[in-house]
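Protein chains in written order, with the numbering used here: chain A, 1 to 240; chain B, 1001 to 1240.
Structure first, then comments.
Number of protein chains: 2
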Amino acid sequence: MSLVAKSLGGFVNLPSMQALTLTEENYLKSIYTLQHRNATGEVSVNEIAERMQTKPATVTDMLRKLSEKELIHYEKYKKIQLSESGIAQALQILRKHRLWETFLHDKLQFSWDEVHEVAEQLEHIHSKKLIESLDAFLGFPKYDPHGDPIPNAKGEMPVSRAVTLLNVEHDINCQIVAVKDSSTAFLQQLERFGLQIGVTLQVKEQMAYDNSILVQTKSDPFFLSEKTADNILVIPVAEL
Amino acid sequence: MSLVAKSLGGFVNLPSMQALTLTEENYLKSIYTLQHRNATGEVSVNEIAERMQTKPATVTDMLRKLSEKELIHYEKYKKIQLSESGIAQALQILRKHRLWETFLHDKLQFSWDEVHEVAEQLEHIHSKKLIESLDAFLGFPKYDPHGDPIPNAKGEMPVSRAVTLLNVEHDINCQIVAVKDSSTAFLQQLERFGLQIGVTLQVKEQMAYDNSILVQTKSDPFFLSEKTADNILVIPVAEL
DNA sequence: AAAAATAATTTGTTTTATATAAAATTTATG
DNA sequence: CATAAATTTTATATAAAACAAATTATTTTT
Chain A
1 MSLVAKSLGG FVNLPSMQAL TLTEENYLKS IYTLQHRNAT GEVSVNEIAE
51 RMQTKPATVT DMLRKLSEKE LIHYEKYKKI QLSESGIAQA LQILRKHRLW
101 ETFLHDKLQF SWDEVHEVAE QLEHIHSKKL IESLDAFLGF PKYDPHGDPI
151 PNAKGEMPVS RAVTLLNVEH DINCQIVAVK DSSTAFLQQL ERFGLQIGVT
201 LQVKEQMAYD NSILVQTKSD PFFLSEKTAD NILVIPVAEL
Chain B
1001 MSLVAKSLGG FVNLPSMQAL TLTEENYLKS IYTLQHRNAT GEVSVNEIAE
1051 RMQTKPATVT DMLRKLSEKE LIHYEKYKKI QLSESGIAQA LQILRKHRLW
1101 ETFLHDKLQF SWDEVHEVAE QLEHIHSKKL IESLDAFLGF PKYDPHGDPI
1151 PNAKGEMPVS RAVTLLNVEH DINCQIVAVK DSSTAFLQQL ERFGLQIGVT
1201 LQVKEQMAYD NSILVQTKSD PFFLSEKTAD NILVIPVAEL
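Here it is in structure tokens:
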């Protein structure tokens, strides 16, 4: 039975909150991600199970725990949402993950596709002072090496007006600012195309048959599959 | 039942070695430290139990596990020593701990007495590339902010010819290079005396009654207790 | 609206890591 | 050598995470 005072106005983000286990933190991260990918803003048990590489029964059990800690809104057989403090926690973890990725890339010369794995470990280090100092040391970066926005200390996420290569207007200059997929396989494929954060390009046309797109960079034009194009985020820029 | 091939010439420091748990790593670190503090180079179950804040029965159980992994030389009821691969592991953990302390102090402006706690977490991050890059980023430091030597990538420890303030010759210039005790209480007491790594001083005399010593720095002379003096390491230097 | 399919939960176990008290055993000491 | 001290064994305990099988709820199909 919790002795913690009832939250004020729904806010439970008290400093006295007990530390989460590594697995709990990973669940929050997964739910956050799925929630944002889903449009409805809600997540199912099966989705979580698949993402966490586990079975639904295990997920249900964890949801009960997260619910007891008031990190999610949960009713049996209903869809799941993060609570306000759950979102706050998830954003802190995301913040740590992306700051560490930035550190590894900017300071230790890790390549784009090497940062993720190590950041998965570093994101679970608990020290407020550490992460705020790291942020300052890095110059308060707004985006990580993948172009993903880094929540600030208050958990505010910089907005991005990025769109995928599938949705961007044709024949206008745009610059790659982020990728939706951070898997090694994807990042390495991008390297084969000479694509990375900061590269500018134009989408010339889209094939009606398979939705692949023709892309023009500094070098010769080439085709990207629908799947690949959908995972590349760009913003319009003035100059090529 | 282990399927790992028998070790060659006692060396089991294979790269394929399974990762240790956090607790196992902490045991190795403790045994390493006790072993070096003990002169005999051997460690007892009770000592370990006290240092790890646990009971002897728990220690015995862990020793069995560490022995199975060939990290210690262990026979029932006998004293304990790290094996060669145990030493190698301990040195790697010590290396990580001290490199992270250096990072926190040099790059993130953590004070002397703040670095230890966070480094205790960071030392358990597993990534060879991370630690070698960090080492390079820091300029391959030989000593951490407490003045303790940092093992290099091969596990070689820089030798230190430091002696404690109790043993140093009187009336010669010497410089503080390390402390034996890293507790917050001790470090904070040193601050009260204006003492830290790099400070130069002379030991003027030792009281026969309580072994306290009279110390001369740039400011007024003052007394240090035997206990405090024994935890401060210095090397002789040319200039005051 | 009933039947079938799908999704989620409960129940009963399992595993792993760590820890303990109490009893038994070995070693050390006076 | 008798006793004290140290260590080990035995028998449990707990917590976190996981899963299979059975059950229950919800959704979809007919």
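Even for Gly, the Cβ is constructed at its ideal location relative to N, Cα and C.
Note that this is a predicted model, so its numbers are computed, not measured.
| Item | Value |
| --- | --- |
| Neighbour list for Val1000/B in chain A, Cβ cutoff strictly below 7 Å | Only positions 1001 to 1240 of chain B appear in this structure, which leaves residue 1000/B out of reach. |
| Min CB distance Leu138/A to chain B below 7 Å | no |
| Chain A residues whose Cβ lies nearer than 9 Å to that of Ser1133/B | Leu104, Lys107, Leu108, Gln109 and Phe110 |
| Residue burial classification, Ser1219/B (beta-carbon count within 10 angstroms, cutoff 16) | exposed |
| Reduced DSSP category for Glu114/A - H, G, I as helix; E, B as strand; rest coil | coil |
| Any non-hydrogen atom of the ligand NAP within 6 Å of Tyr1077/B CB | Among the components of this structure there are no ligands whatsoever, and the ligand NAP is therefore not found. |
| CB contact flag (Ile125/A, Gln1121/B, <7 Å) | yes |
| Stretch-stretch touch, CB-based, cutoff 8 Å, three pairs: the stretch 1087-1104 of chain B with the stretch 1052-1065 of chain B | no |
| CB contact check: Gln121/A to chain B, cutoff 7 Å | yes |
| Selection from Leu1165/B, Glu1024/B and Arg1192/B that minimises the alpha carbon distance to Lys1065/B | Glu1024/B |
| Nearest candidate by alpha-carbon position, reference Leu1104/B, set Pro1145/B, Leu1214/B and Pro1149/B | Pro1145/B |
| For Pro236/A, the first and last residue of its enclosing beta strand (DSSP E) | Ile232 to Pro236 |
| Proximity of Ile1213/B and Gln1202/B at Cβ, strictly below 7 Å | no |
| Residue of Thr1164/B, Leu1108/B, Gly1194/B and Val1045/B minimising C-alpha distance to Asp1181/B | Thr1164/B |
| Cβ contact check for the stretch 164-176 of chain A and the stretch 192-200 of chain A: 3 or more pairs under 8 Å | yes |
| Backbone secondary structure at Ala19/A - three-state DSSP | coil |
| Cβ neighbours of Asn1211/B in the same chain (closer than 6 Å, five flanking residues each side left out) | Glu1226 |
| Boundaries (first-last residue) of the beta strand (DSSP E) holding Ile1131/B | Where Ile1131/B is concerned, there is no enclosing beta strand (DSSP E), although the alpha helix (DSSP H) it sits in stretches over Lys1128 to Phe1137. |
| Coil, strand or helix - Phe140/A by DSSP | coil |
| Contact under 7 Å by Cβ, Leu1195/B with Val118/A | no |
| Residue burial classification, Gly10/A (beta-carbon count within 10 angstroms, cutoff 16) | Low per-residue confidence applies at Gly10/A: pLDDT is 34, beneath 50, and the placement is therefore not dependable enough to give any value. |
| Euclidean distance between Cα positions of Gln81/A and Leu166/A | 29 Å |
| Straight-line gap, Asn152/A to Glu169/A (C-alpha atoms, nearest Å) | 31 Å |
| Simplified DSSP state of Asp1106/B, which is helix, strand or coil | helix |
| Same chain, Cβ closer than 7 Å to Asp148/A, neighbours up to 5 away in sequence not counted | Arg98 and Ala178 |
| Three-way DSSP call (helix, strand, coil) for Ala1178/B in this model | strand |
| Cβ-Cβ distance between Ala88/A and Lys29/A below 7 Å | no |
| Contact set for Val115/A: own chain, Cβ-Cβ below 7 Å, skip 5 residues either direction | Glu101, Leu104, His105 and Pro145 |
| For Thr1228/B, the three-state DSSP class (helix, strand or coil) | helix |
| Proximity to Val1237/B [Cα-Cα], best of Phe1222/B, Arg1161/B, Ser1111/B and Ala1229/B | Arg1161/B |
| Expected contact under 8 Å - CB spacing of Ser1133/B and Leu108/A to nearest Å | 4 Å |
| Gln216/A (DSSP reduced to helix, strand or coil) | strand |
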